[in-house]
Ligand SMILES: [Zn+2]
């Protein structure tokens, strides 16, 4: 077995362009201006204008000219890599590190490993996280699958008092994450403003199929939501009941709690400075790794390719670091 880091697209810029082209254009190049898939010219050896830093200019990899509209483009165009001063092979490195680390990777670690500035590392991490958000997918639990639902508190709401006594641990003072996990399938998490039925119900109804069997703990808000689904079973965690058998059915929320245990360890160890306004992006990152995990037959490399595929076409308007 050879190291995946030997893949040329992690170190060679031309190879990185080739790899991205395979992902973005599986059926050959497409002009982003006019949609032409036919006549196209590869412009080899073109360099950027000389600058102080690069007196001979930089080679423009993967440059093409459309035979129809005569405009020039590369595969970066229209992706989050567009206009990025960061070399493409470094994006592959960052995507791999983010995809292969179970609990995530901090901006500081990316900064040290990739040799980019901390600001650039932070920017790359968030762009990659944003690319992993998968809005608008089919609801979980279609075909009668089992979906476990739970929520957890994560971090203090900005401006909330630091010490709030007994109540400090609950929502109202803390950010709340809601997570839906289909057994044997994907996870989907949301940053919600609280645990009211009005807040949780629309999210759950929009993301879980009505024919799903749902399992939750005995929190007060679940009965009214649960009646909307094929079945709703609960475990009484307050009485230390974690698993209950009902015929051949296993009633538990262990799957979603397993998800949270990885999420919590990551947030505590890696992303302890996670700002409230980015919580949804960190959730997307943990969802992505969970939904593309080894147990589902997705290895680190395949996960990276899937992340890059998800990146294509997505835009995020952070200000670019210099
Ligand atoms: Zn064209």
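Residue numbers (the numbering used here): -10 to 311. By construction, the Cβ of each residue, glycine as well, lies at the ideal position given by its N, Cα and C atoms.
- DSSP places residue 37 outside any beta strand (DSSP E), giving it a letter other than H or E.
- Between residue 245 and residue 298, the CB-CB gap reaches or exceeds 8 Å.
- Checking the 7 Å criterion, the Cβ of residue 60 is within range of a heavy atom belonging to ligand 1.
- Here residue 114 is buried, its C-beta having at least 16 other C-beta atoms within 10 Å.
- With respect to residue 102, residue 77 sits apart: the two C-beta atoms are not nearer than 8 Å.
- The beta carbon of residue 111 sits closer than 7 Å to the beta carbons of 96 from its chain, once the five residues preceding and following it are set aside; these are given in chain order.
- When secondary structure is reduced to three states using DSSP, residue -1 falls in the helix class.
- Setting aside the 5 residues that flank it on each side, residue 198 is surrounded in the same chain by 128, 130, 131, each with a C-beta closer than 6 Å to its C-beta; the list follows chain order.
- Per the C-alpha coordinates, the member of 119, 120, 74, 58 positioned closest to residue 106 is 74.
- Of the residues assessed, residue 27 falls on the exposed side of the cut-off, its CB having fewer than 16 other CB atoms within 10 angstroms.
- In the structure shown, the three-state DSSP call for residue 243 is helix.
- By the criterion of at least three beta-carbon pairs nearer than 8 Å, the segment 249 to 256 is not in contact with the segment 227 to 241.
- Per DSSP, residue 277 lies in no beta strand (DSSP E) segment; the continuous alpha helix (DSSP H) that holds it begins and ends at 268 to 280.
- Between residue 36 and residue 46 a beta carbon distance of about 3 Å is seen, short of the 8 Å cut, so the two are scored as contacting.
- In this structure, residue 139 places its C-beta atom within 8 Å of the C-beta atom of residue 206.
- With 16 or more neighbouring CB atoms inside 10 Å of its own CB, residue 279 falls in the buried class.
- With a cutoff of 7 Å, residue 263 does not count as near ligand 1, since its C-beta is closer than that to no heavy atom of the ligand.
- Secondary structure of residue 145 (DSSP, three-state): strand.
- Bridge pairing for residue 223: 205 [DSSP].
- Assignment of residue 140 by DSSP, reduced to helix, strand and coil, places it in the strand class.
- Across the set 136, 164, 134, 295, the C-alpha of 164 shows the shortest separation from the C-alpha of residue 147.
- The alpha-carbon separation between residue -8 and residue -2 amounts to approximately 13 Å.
- The beta carbon of residue 240 lies closer than 8 Å to those of 204, 222, 223, 224, 232, 233, 234 in the same chain, with the five residues before and after it left out.
- A check of alpha carbon separations from residue 33 across 81, 52, 39, 44 identifies 52 as the nearest.
- The C-beta of residue 262 has fewer than 16 other C-beta atoms within 10 Å across all chains shown, which makes the residue exposed.
- Here residue 14 is exposed. Its C-beta has fewer than 16 other C-beta atoms within 10 Å.
- Within 7 Å of the C-beta of residue 22 there is at least one heavy atom belonging to ligand 1.
- Residue 91 sits away from residue 277, with the two beta carbons spaced by 8 Å or more.
- Counting along the chain, residue 30 sits inside the beta strand (DSSP E) bounded by residues 29 to 31.
- Taken through DSSP and simplified to helix, strand or coil, residue 235 comes out as strand.
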